[in-house]
Structures are given as C-alpha cells and as structure tokens.
C-alpha cells in the first residue's frame, strides 16, 4: 500500500526544504524492497533506480544550499538523509544495493560560500 504523499514528486519536497531552510528526509518504504510485495522485479528495479537517483539528487541540492548546523554530531539533525523503512530477511537486497549505489555514485557536495 502506498500513501498519497508517496505519489508527490520529490522536487516538491526539495523546493519546500529550500524555501524553509530545513533538512530533507526521503525514505524507501518496506513494501518497495520486500520481495513478497514485488510482482515484477525488473520493473521494481527500474522504478526504484529512478526514484533513488531523484531522491539523492534532491538531498544533495538541499545539503548544498541550506544553512548547516554548527554542531551536527549530536545536538542538531543532519541536513538531510535517505532512510530505509523496516529492512528484514524478506527484503530484496539487490534493490537495496541498487539504491545505495545511487548514493555512492553521487558527486561530492559543493557548498556555496558566501
């Protein structure tokens, strides 16, 4: 089952984060990587690859433009992140690896200096 909010393009959330100067969090739902919920693994691979690339790009754009906290170790949240919901033994880890590859392949952040 997908939430209505899942159907909104990540660019909307990116733009809202930038306008409000706040972190962007995007997530991969458990149903998106649960092998029992996936009828067509190749279609899922294509869709998740595209979604992950868009999520990572949006997170990078937010990280490069919002004000970062002075102390992002414990006291304040990281500027942005991508999370996985409820990974378990029924998760299709090939899809998880596909998503992580998008993160690893993302160019380094380039902060704008004022």
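In my numbering, the protein residues as written are 1456 to 1569.
Don't be surprised by glycine CBs; every beta carbon is placed ideally from N, CA and C.
Work out the CA separation of residue 1544 and residue 1468 for me, nearest whole Å. Within the chain shown, residue 1468 is the residue found at index 13, counting from 1. Within the chain shown, residue 1544 is the residue found at index 89, counting from 1. Roughly 31 Å separates the two Cα atoms.
Hey, residue 1488 and residue 1551 are a contact pair by Cβ (cut 8 Å); roughly how many whole angstroms apart? Translated into positions along the chain shown, residue 1488 becomes position 33. Translated into positions along the chain shown, residue 1551 becomes position 96. About 6 Å separates the beta carbons of residue 1488 and residue 1551, which is inside the 8 Å limit, making them a contact pair.
In angstroms with no decimal places, state the Cα-to-Cα distance between residue 1502 and residue 1522. Looking up residue 1502 in the chain shown gives position 47. Looking up residue 1522 in the chain shown gives position 67. Distance between the alpha carbons of residue 1502 and residue 1522 is about 32 Å.
Per-residue DSSP class, three states only, for residue 1482: To locate residue 1482, count along the chain shown from 1; it is residue 27. In the displayed model, residue 1482 falls within a strand according to three-state DSSP.
Does DSSP put residue 1560 in a helix, a strand or coil? Residue mapping note: residue 1560 aligns to position 105 of the chain shown, counting from 1. Secondary structure at residue 1560: helix, using DSSP grouped into helix, strand and coil.
Suppose the cutoff is 7 Å on Cβ atoms and the five residues either side in sequence are ignored; what does the same chain contact list for residue 1509 look like? In the chain shown, the residue the question calls residue 1509 occupies position 54. Hits under 7 Å: 1465.
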